[in-house]
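My numbering applies: residue 1 is where the sequence shown begins, and numbers increase by one.
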Amino acid sequence: MSFQKQHLFQRLLTVALLLGVFMLSAGTIMFLAWRGRTVYVPNVIGKTEAAAAEELEDAGLRLQRKGRAHNDQIPLDAVCDQSPTAGSVVKTGQLVRVSLSLGAPPGETKPEKKTASKSASR
1 MSFQKQHLFQ RLLTVALLLG VFMLSAGTIM FLAWRGRTVY VPNVIGKTEA AAAEELEDAG
61 LRLQRKGRAH NDQIPLDAVC DQSPTAGSVV KTGQLVRVSL SLGAPPGETK PEKKTASKSA
121 SR
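In structure tokens, the structure reads:
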């Protein structure tokens with residue numbers, strides 16, 4: 001093989017190798033970019049749906065309402081359940097499913113504190 005042909009072959013081999021490295025690097029970067037970054041799921045229990053959606057959006061997450069449930073501890077129309085739970089590590093763009101409170105179940109009343117009256121003890 002002549003010197004010129006050998007030199008041309010080496011240059012083509014070098015260019016092909018550099019192109020392969022570039023494509024592999026670009027593919028890796030694209031894969032990592034599409035996967036997203038990780039974030040902690042904020043606690044949205046007790047917040048209104050609008051406030052919860054805003055907080056989740058600020059974290060790079062999306063809210064999806066999964067239903068409504070009775071809960072005597074959480075006010076009406078506030079988030080009473082979320083999945084994934086607060087503090088979970090997830091990728092940005094993931095859905096956080098929430099249930100909204102219907103308030104206390106119908107017919108259920110909070111127990112009243114009984115105090116003994118002085119007249120009853122005599």
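Even for Gly, the Cβ is constructed at its ideal location relative to N, Cα and C.
- The residues 39 and 42, in chain order, have a CB closer than 6 angstroms to that of residue 59 in the same chain once the five nearest residues on each side in sequence are set aside.
- Here residue 37 is near residue 92, since their CB atoms are less than 7 angstroms apart.
- Using a Cβ distance threshold of 7 angstroms, residue 83 and residue 62 do not count as a contacting pair.
- Annotated as distal: residue 44 and residue 57, with beta-carbon spacing of 7 angstroms or more.
- Straight-line measurement puts the Cα of residue 79 at about 6 angstroms from the Cα of residue 47.
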